Structure formats: C-alpha cells, structure tokens
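>
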Amino acid sequence: MDLGIAGRKAIVCASSKGLGRACAAALAAAGCEVIVNGRNRDAVETAAADIRKATGAKVTAVAADVASPDGQKALLSACPQPDILINNNAGPPFRDFRELTRAQIIDGVIANMAVAIELTQKVIDPMIAKKFGRIVNITSGTVKAPLFGLDLSSGARAGLTAFMAGVARSVAGANVTINFLQPGAFATDRLQSNMEMIATKRGISIDEAKKERTATIPAKRFGNPDEFGAACAFLCSAHSGYITGQNLLIDGGAFPGAF
Ligand SMILES: NC(=O)c1ccc[n+]([C@@H]2O[C@H](COP(=O)([O-])OP(=O)(O)OC[C@H]3O[C@@H](n4cnc5c(N)ncnc54)[C@H](OP(=O)(O)O)[C@@H]3O)[C@@H](O)[C@H]2O)c1
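For the sequence shown, this note's numbering gives the first residue as 58, with consecutive numbering after it.
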C-alpha cells in the first residue's frame, strides 16, 4: 500500500533504538524525511546512517534529551514544522510505589506526560494551517492493564491519553489526528533489561525468564519492533485521517478482553 506520505517531514522522538527507531525506519521507507533522536550521539548517528542506507530517505540525527527544553529546541530547529510527530521517551524502571519520592513522581509525569504535551503545543498550529498533521504517542499496554511496579508509567501515560483525547477532537476538523500506540512486550533493549532484572531477582536464566513470559502471550512470542513501526506508519498515512483519539494495543493478544 502506498501510504501517501512521501515527502512529509517527521520528528520521531527517542528513536535511536527500539520502538522509536522502528517507527522512524517505517516512515523513512514510506518516503518521509525523518529526524532521528536519542541522547547518545554515536547511537543516534549510527541509527540515522542505517535508516538512510536502507531506505534512501533524508534522515537527520539530533542528539538531544527530549525531556529538556534545549533538547526540544534542537529537535524543532532541525525540523521547525513537522507534518508528523511521534512522541516517545524512556519509561521509568520497575519500582514499588512506596519507594517513589516526590521528585521521582514529578520526573515521571514530566517524562511520560508533559514532554509529549509540550511538543504537541509546539507543532500543532502549523499542522492545522497545512490541513495535515499526524501525532502518534507511544504509551504502553499498561495504560489498559496496569502492572504493579510500573505504576508511575501507567499513571502518567493514562494522564497523557486522557489529556490528548480532548485535544484530538479539537483539531480533527483540520485533518490533524492524534492517536496512541500501546505496546505489549516487544523485543527491544528495554525488554531485554527487564528480563535480566527478573532473571536475577528470581535466580533463573534469562532464557527461562523469556520462555515464561512468552508462554503468557497468546502469540507465543515477543513482538518484532518492525511490526510496531508498520502500525505507526499506517496511523501517519494519508489513509488514516478518520482515525483519531484511538488507542491501538499491539500485544499478541495478551490483554484478554474483547474491548
Ligand atoms: N519494549 C516494550 O516491550 C515496551 C512495552 C511497553 C512500553 N514500552 C515503552 O515504549 C517506549 C520505548 O521503549 P523501547 O523498548 O523502544 O526502549 P529502548 O529500546 O530502551 O529505546 C529507547 C530509546 O529512547 C532513547 N531515549 C531514552 N531517553 C531519551 C531522552 N530523554 N531523550 C531522547 N531520547 C531518549 C534511547 O536513546 P538514548 O538512551 O541514547 O537517549 C533509545 O533510542 C518506552 O517508553 C517504554 O517504556 C516498551
């Protein structure tokens, strides 16, 4: 399918690795000009070079912390009026909520809620003027099925989801859509480090930890980031202008409900 977005400009936050990178690669394959981002300069430049080589697209590396005002400035000066914005950032580590300090709670809300709102504020009016805009927020399956230990992540992302649900309806008439991708378990570095932590905690091997986890997923495997990137590119496509304010759970069937 031709996604109809060749030549569109996309900022993909936190995209030198993992799900963000897969989204950047899928958008580049669809012909978009893409900004790839991460804090580690070598990693972000390598990712940009790899995606450029694989797709022939114009790919610009921006080494910056998306959570900081300077980082956001760097992203927007590389691409002042994006047609597409993918909001992504690192999630907080597993922690018993009793241990969270006030500062950590506020940092979590900034990282997984405020940053996406701030970037949306900065890009949305030119999108409305152009009558084309696609904003996709990478949240988590834990918004739908919260997990003890990831409470700060679930809470901040659920807050973002509710916040943006209202905003989405206010801009839909200008062909600007705002949607949410909720990943289940995808094979990325973050998942690998979660598996390592669980293996150490329980005194089992990493392979055993992975086997136990995949056994709980109806698809019997972890998701491939490319599958996630393809879903993201579709939500950014010319064909998805009538889909807005929606949450797409991509979890291999792990969530057991019909809705
Ligand atoms: N993978 C899963 O199974 C899964 C499931 C549910 C939710 N999620 C959520 O999905 C998001 C992406 O996860 P992932 O698995 O793709 O993670 P990942 O493989 O660890 O990749 C994270 C990416 O974000 C970049 N990054 C982190 N903090 C940043 C910052 N402050 N500014 C700019 N870039 C930053 C990292 O580069 P640098 O470190 O160099 O900055 C890296 O490129 C996270 O919020 C995660 O909680 C993932």
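Just so you know, even glycine gets a beta-carbon here, dropped at the ideal spot from N, CA and C. Computed from a predicted structure; not experimentally measured.
Can you tell me where the beta strand (DSSP E) holding Arg152 begins and where it ends?
If you number the sequence shown from 1, residue 152 lands on position 95. Taken as a continuous stretch (DSSP letters only), Arg152 belongs to no beta strand (DSSP E), as it is neither H nor E.
> Whose C-beta lies closer than 6 Å to the C-beta of Asn145 among residues of the same chain, with five residues either side of it excluded?
Position 88 of the sequence shown, counted from the start, is the residue given in the question as residue 145. So the qualifying residues of the chain are Cys70, Ala71, Gly77, Ile195.
> Would you please state the rounded distance, in angstroms, between the beta carbons of Leu132 and Val119? I believe it to be under 8 Å.
Numbered from its first residue, the sequence shown carries residue 132 at position 75. Numbered from its first residue, the sequence shown carries residue 119 at position 62. Leu132 to Val119, Cβ: 5 Å. Contact.
> Take Cys136 as the anchor and find which of Leu176, Asn169, Asp107 has the nearest alpha-carbon.
The count along the sequence shown starts at 1 and reaches residue 136 at position 79. Of the listed residues, the one whose Cα sits closest to Cys136 is Leu176.
> Does the Cβ of Ala100 lie closer than 6 Å to at least one heavy atom of ligand 1?
Looking up residue 100 in the sequence shown gives position 43. Ala100 Cβ: within cutoff of ligand 1.
> Run the CB neighbour count on Gly223, radius 10 Å, all protein chains shown included, and call it buried at 16 or more, exposed below.
As a position in the sequence shown, residue 223 is number 166, starting the count at 1. Counting Cβ neighbours within 10 Å, Gly223 comes out exposed, since fewer than 16 surround it.
> So, with DSSP's three-state summary, where would you put Lys268?
Sequence index remark: in the sequence shown, residue 268 carries index 211 (1-based). In this structure, Lys268 counts as helix in the three-state DSSP scheme.
> Could you check which residue in Ala147, Lys110, Leu142 has the C-alpha nearest to that of Asp122?
The sequence position of residue 122 within the sequence shown is 65, counting from 1. Minimum Cα distance to Asp122 is reached at Ala147.
> Per DSSP, which residues does Ile143 bridge with? Please list them.
Looking up residue 143 in the sequence shown gives position 86. DSSP lists Val69, Val193 as partners of Ile143.
> Helix, strand or coil for Pro240, going by three-state DSSP, please let me know.
Residue 240 sits at position 183 when you count from the first residue of the sequence shown. Pro240: strand per DSSP, three-state reduction.
> Residues in its own chain within less than 8 Å of Phe189 by CB, not counting five upstream and five downstream?
As a working note, residue 189 is residue 132 in the sequence shown. Excluding positions up to five away in sequence, the list reads Arg65, Asp140, Asn232, Val233.
> Can you list, in chain order, the residues of its chain with a C-beta nearer than 8 Å to that of Ile167? Leave out the 5 residues immediately preceding and following it.
By 1-based counting over the sequence shown, the position of residue 167 is 110. The answer, listed in chain order, is Ala124.
> Should Leu45 be counted as a contact of ligand 1 given a C-beta to heavy atom distance under 6 Å?
This structure cannot speak to residue 45, because the chain is shown only from 58 to 316.
> Hey, would you say the C-beta of Leu176 is under 6 Å away from at least one heavy atom of ligand 1?
Counted from its first residue, the sequence shown places residue 176 at position 119. The answer is no for Leu176.
> Compute the Euclidean distance between the alpha carbons of Pro183 and Ile192, then round it to the nearest angstrom.
For the purposes of this step, residue 183 is taken as residue 126 along the sequence shown, with counting starting at 1. For the purposes of this step, residue 192 is taken as residue 135 along the sequence shown, with counting starting at 1. Taking the straight line from one Cα to the other gives about 13 Å.
> How is the alpha helix (DSSP H) around Gly77 delimited, first residue to last?
Taking the sequence shown and counting its residues from 1, the one referred to as residue 77 is at position 20. Per DSSP, Gly77 belongs to the alpha helix (DSSP H) from 75-86.
> Quick one: Cα of Thr273 to Cα of Ala311, how far?
To locate residue 273, count along the sequence shown from 1; it is residue 216. To locate residue 311, count along the sequence shown from 1; it is residue 254. The alpha-carbon atoms of Thr273 and Ala311 are separated by roughly 7 Å.
> Going straight from the alpha carbon of Asp127 to that of Arg109, what length do you get?
Here residue 127 refers to the residue found at position 70 when the sequence shown is read from its first residue. Here residue 109 refers to the residue found at position 52 when the sequence shown is read from its first residue. Roughly 26 Å between the two C-alpha positions.
> Going by other Cβ atoms of all chains shown within 10 Å of its Cβ, with 16 needed for buried, is Thr158 buried or exposed?
Along the sequence shown, read from residue 1 onward, the residue named residue 158 stands at position 101. Label assigned to Thr158: exposed.
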